[in-house]
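Taking this note's numbering as reference, the numbering of the sequence shown is continuous, increasing by one, and the terminal residue is 373.
Built from N, CA and C at the ideal position, the CB exists for glycine as well.
Structure record follows, encoded as structure tokens.
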Amino acid sequence: MATAASAYPLLEARPLKDTIVLFDVDETLTKARRTVTPEMLDILSRLRQQCAIGYVGGSNFVKQQEQLGSATVDVRSLFDFCFPENGLTAFRLGEELESTSFIQWLGEEKYQALADFSLGYISKLKLPKKRGTFIEFRNGMINISPIGRNASVEERDEYEAYDKIHNIRKDMVAALKKEFPDYGLTFSIGGQISFDVFPSGWDKTFCLRHVEAEKNITGVEYKKIHFFGDKCFVGGNDHEIYTDSRTIGHEVDGPDDTMKQLKEIFGL
Ligand code: M1P
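In structure tokens:
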């Protein structure tokens, strides 16, 4: 699988070396859970000749490899910075950085109470369909899905429409907040069928520490940190980084809009 990034100037030699552009994944670089288009890859490649680029997604690395990479292309070769799970796992120029553990932070006992309550809550829900994997245990967070992560694309769409009417996830998040008020957790609805659970503060702004650390590695200080995302509203999983004082936020309405805005801003 291709991993080399040699087709691009060194970070310190890019024409806009004080600039980095970060992207959300679903509905920003790709349609939800779909693969990236050649057109998007082309525009990202041209942008990368000018400045550093990275993505920051809620999903884990495996899913981002599926969506942004391919069987022959390692996603880490396409971006200078890859930030799965909000940057709780991180790669710089293909190399893994120190990762941060959800279970170490929360502890086994509290985690089991949370998992047991969630599974009990889901067991009482009446939904059009239930599938499997109701809790996905990740490195830096857990992901809870009332229908289950094994749902097919069609089942996802059906669930999402049902959820919009019946507020399944919103109500479940409210119940979790009520049950565990002192856990210090954030519950973030970022996709179609699930919500992410992580310690408060471990939202997408978490990745900015890796971006800021570049000045200690190559001396490059990112003074302009652009962020493109679609869920920038309060409660959306792009909100914190979109409104952070360190970033220049751009709200998009799907991948086509991302490409349109990139062309306008960077003259690509
Ligand atoms: O990237 C947004 C979200 O994508 C997935 O959500 P869903 O499966 O509900 O569509 C998940 O990977 C979630 O963690 C992530 O935040």
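Other residues of its chain near residue 216: CB distance less than 7 Å, five sequence neighbours each side excluded
Mapped onto the sequence shown, residue 216 falls at position 111. If the five residues before and after residue 216 are omitted, its C-beta is found closer than 7 Å to the C-beta atoms of 208, all from its own chain and listed in chain order.
Please classify residue 164: is it buried, with 16 or more other beta-carbons within 10 angstroms of its beta-carbon, or exposed?
What you label residue 164 is simply residue 59 of the sequence shown in a count that begins at 1. Classification for residue 164: buried.
Closest to residue 270 by C-alpha separation, out of 291, 233 and 300, would be which residue?
Taking the first residue of the sequence shown as position 1, residue 270 is located at position 165. Considering only alpha carbons, the answer is 233.
Output the distance between the C-alpha atoms of residue 113 and residue 310, rounded to the nearest integer angstrom.
As a first step, residue 113 is located in the sequence shown; it is residue number 8 there, counting from the start. As a first step, residue 310 is located in the sequence shown; it is residue number 205 there, counting from the start. About 26 Å.
For residue 267, I'd like the list of residues in its chain whose CB is within less than 8 Å of its CB, leaving aside the five on either flank, ordered along the chain.
To locate residue 267, count along the sequence shown from 1; it is residue 162. Closer than 8 Å at Cβ, skipping near neighbours: 232, 233 and 273.
Return the first residue and the last residue of the alpha helix (DSSP H) that residue 329 is part of.
The residue given as residue 329 occupies position 224 in the sequence shown. Looking at the DSSP string, residue 329 is not in any alpha helix (DSSP H); the run it does join, the beta strand (DSSP E), is 329-334.
So what does DSSP say about residue 146, is it helix, strand or coil?
Counting from 1 along the sequence shown, the entry for residue 146 is found at position 41. Three-state DSSP puts residue 146 in a helix.
Would residue 166 be called buried (16 or more neighbouring beta carbons within 10 Å of its own) or exposed?
Taking the sequence shown and counting its residues from 1, the one referred to as residue 166 is at position 61. Looking at its Cβ environment, which holds 16 or more other Cβ atoms inside 10 Å, residue 166 is buried.
Leaving out the 5 sequence neighbours to the left and right, which residues in its chain are closer than 6 Å to residue 356 when beta-carbon positions are compared?
To locate residue 356, count along the sequence shown from 1; it is residue 251. Counting only Cβ-Cβ distances below 6 Å, and skipping sequence neighbours, we find 337.
Please determine, among 183, 235 and 239, the residue with the shortest C-alpha to C-alpha distance to residue 223.
Looking up residue 223 in the sequence shown gives position 118. With respect to the C-alpha of residue 223, the residue from 183, 235 and 239 having the closest C-alpha is 239.
Mark residue 242 as exposed unless 16 or more other C-beta atoms lie within 10 angstroms of its C-beta, in which case mark it buried.
Locating residue 242 in the sequence shown gives position 137, where the first residue counts as 1. Only exposed fits residue 242, as fewer than 16 other CB atoms lie within 10 angstroms of its CB.
Per the contact definition of three or more C-beta pairs closer than 8 Å, is the region 297-309 in contact with the region 254-263?
Per the Cβ contact rule, the region 254-263 is in contact with the region 297-309 (3 or more Cβ pairs under 8 Å).
Count Cβ pairs between the region 169-188 and the region 128-146 that sit closer than 8 Å; are there 3 or more?
Short answer: they touch.
So, do the region 276-287 and the region 194-203 have three or more beta carbon pairs nearer to each other than 8 Å?
At 8 Å Cβ cutoff, the stretches do not touch.
Please list, in chain order, all residues of the same chain as residue 345 whose beta carbon is under 7 Å from its beta carbon, the five residues on each side excluded.
On the sequence shown, position 240 is the one that residue 345 refers to. Excluding positions up to five away in sequence, the list reads 308, 309 and 310.
Cβ-Cβ distance between residue 172 and residue 135 below 7 Å:
On the sequence shown, position 67 is the one that residue 172 refers to. On the sequence shown, position 30 is the one that residue 135 refers to. In this structure, residue 135 lies closer than 7 Å to residue 172 by Cβ.
Give me the Cα-Cα distance between residue 184 and residue 301, rounded to the nearest whole angstrom.
Residue mapping note: residue 184 aligns to position 79 of the sequence shown, counting from 1. Residue mapping note: residue 301 aligns to position 196 of the sequence shown, counting from 1. Per the coordinates, the alpha-carbon of residue 184 lies some 24 Å from the alpha-carbon of residue 301.
On the three-state DSSP scale, how would you describe residue 339?
Taking the sequence shown and counting its residues from 1, the one referred to as residue 339 is at position 234. Under the three-state reduction of DSSP output, residue 339 falls in the coil class, being neither helix nor strand.
Where residue 301 falls: helix, strand or coil (DSSP):
Translated into positions along the sequence shown, residue 301 becomes position 196. Residue state, collapsed to three classes: strand.
If you reduce the DSSP assignment to three classes, tell me which class residue 108 lands in.
Taking the first residue of the sequence shown as position 1, residue 108 is located at position 3. Interpretation of residue 108 is limited by its pLDDT of 46, a score under 50 that renders its predicted location unreliable; the figure taken from the coordinates is listed afterwards. Here DSSP, grouped into helix, strand and coil, assigns residue 108 to coil.
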